[in-house]
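Okay, structure first, notes after.
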Amino acid sequence: MKVKTRQQGNSVVLTVPKTLNVPVDAEFSVDLKKNGDLVYKRVRDNGYDLWSDPSYDYETEIKREYKELGYNPRELEPKGKERI
149 MKVKTRQQGN SVVLTVPKTL NVPVDAEFSV DLKKNGDLVY KRVRDNGYDL
199 WSDPSYDYET EIKREYKELG YNPRELEPKG KERI
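As structure tokens, this is what we get:
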């Protein structure tokens, strides 16, 4: 199926044909590939709430993130205009 972009305000719009049965208000993530292709993927809400999960180990996760970063961002001194 072929669709064409069009200008709408400051945006370029791709119309989704009704025959594809995409529901109104469905959310998609979009990526622009190096070759110019646009790839849309439906964002699915699985209902999982990390903060209400009693088995989630926040301390272990934060330590893993600090190790991955190579530093603790909370220990950095602000520089420039962000210093208030």
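Take 149 as the starting number for the sequence shown in this note's numbering and just add one per residue. All C-beta atoms, glycine included, are put in the ideal place defined by N, C-alpha and C.
Original post:
What does a CB cutoff of less than 8 Å around L186 pick up in its chain, not counting 5 residues either side in sequence?
Top reply: So the list reads L162, V178, D179 and L180, once near-sequence residues are dropped.
**OP:** Could you pull out every residue in the same chain whose Cβ sits closer than 7 Å to the Cβ of Y214, ignoring the five residues on either side in sequence?
**Re:** Taken in chain order, the residues that qualify are N220.
Subject >> Residue range of the beta strand (DSSP E) that includes R190 >> reply: Counting along the chain, the beta strand (DSSP E) containing R190 begins and ends at L186 to R190.
**OP:** Locate the beta strand (DSSP E) running through T167, then write down its first and last residues.
**Re:** Segment: none, T167 is in no beta strand (DSSP E) and carries neither H nor E.
Original post:
Are the Cβ atoms of A174 and R190 separated by less than 8 Å?
Top reply: With contacts defined by Cβ atoms closer than 8 Å, A174 and R190 form a contacting pair.
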